[in-house]
Amino acid sequence: MKTDVGELEKILQKELDSLGEVNTWRKEQENALNEDEEKIQKRLRDMDKVTTGKDYFDLQKELEYHKKRAKEHETEVLKLMGVVEEREKIVTSRQEQIKSFWEMVHKREAEIEASLKTVEEEYALLVGQRQELFSGIDKALIRKYDFLAARRFPPLVPALEERCTGCSMGIPPQKFNSLYDAKEIVECPFCARILYIEEE
């Protein structure tokens with residue numbers, strides 16, 4: 748989940764960079780528009796001072812040029828304002844999406860932490876019960892049980908119809924019969940699991 752949020756944050760950064768570029772271009776166009784409007788005002792003031800027809804014609808030509816440029820810049824500024832507005836909506840939506848994802852991540856982390864705490868408590872309880880149960884048992888047998896549990900699970904299996912239910916191999920009759928005596932620990936000669944007989 749954190750990877751997904753990381754990807755969204757990368758996308759958001761690209762969108763913010765793009766928005767920044769559009770805003771920079773919009774400001775440049777606004778500055779150009781302001782310059783054109785100043786030049787238009789200057790040409791209009793200069794027209795009042797014109798004395799010859801040629802000067803008037805030249806000023807009129809410059810005025811039309813700057814009005815045309817101002818119109819182009821104004822159109823570009825309006826278009827860019829629309830683009831900025833759309834991109835700001837996208838950025839806001841993405842930020843809300845990321846916020847929502849982070850909330851989910853934190854909620855999930857809290858759930859996992861609570862589950863882990865429960866598991867740790869249950870484990871501690873089971874370890875305590877195991878120590879209590881194993882307190883009267885020979886340490887060598889406990890070591891053997893732990894060794895088998897680490898390699899062949901389950902380490903303790905029932906013998907059924909002269910077969911080990913752990914590896915399904917046949918048990919010699921004498922060994923199988925010794926399970927009924929219950930005087931010693933009987934192991935499967937093939938998988939070394941500890942065998943027992945289930946009472947009927």
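Residue numbers (the numbering used here): 748 to 947. Positions of the beta carbon are idealized from the N, C-alpha and C atoms, including for glycine. Here the structure is a predicted model, which means the values were calculated and not measured.
A buried status is given to ILE918, since no fewer than 16 other beta-carbon atoms sit within 10 Å of its beta-carbon. In this structure LEU888 is exposed. Its beta-carbon is surrounded by fewer than 16 other beta-carbon atoms within 10 angstroms. Collapsing the DSSP output to three states places GLY913 in coil.
When C-beta atoms of the region 829-836 are compared with those of the region 766-781, three or more pairs fall below 8 Å, so the two segments count as touching. The C-alpha of ARG898 is placed about 39 Å away from the C-alpha of MET851. Straight-line spacing of the CA atoms in TYR803 and HIS813 works out to 15 Å. Note that the C-beta distance between GLU809 and ARG834 is not below 7 Å. Under the DSSP assignment, ALA871 falls in the alpha helix (DSSP H) whose first and last residues are 800-881. Boundaries of the alpha helix (DSSP H) harbouring ILE889: 886-898, taken from the DSSP string. Here the alpha carbons of ASP783 and ARG792 stand approximately 14 Å from one another.
Taking C-alpha positions only, GLU931 is separated from TYR943 by approximately 11 Å. Per DSSP, the continuous alpha helix (DSSP H) segment holding PRO920 begins and ends at 920-928. Annotation for VAL797: no beta strand (DSSP E) segment contains it, and DSSP assigns it neither H nor E. With distances taken between CA atoms, GLU819 lies nearest to ALA779 out of PHE937, ALA779, ILE845, ILE837. GLN878 and ASP751 have their C-alpha atoms spaced approximately 44 Å apart. By alpha-carbon distance to GLU934, the top candidate from VAL797, LYS801, TYR892, ALA871 is TYR892. Secondary structure note for ILE941: its beta strand (DSSP E) is the uninterrupted segment 941-943.
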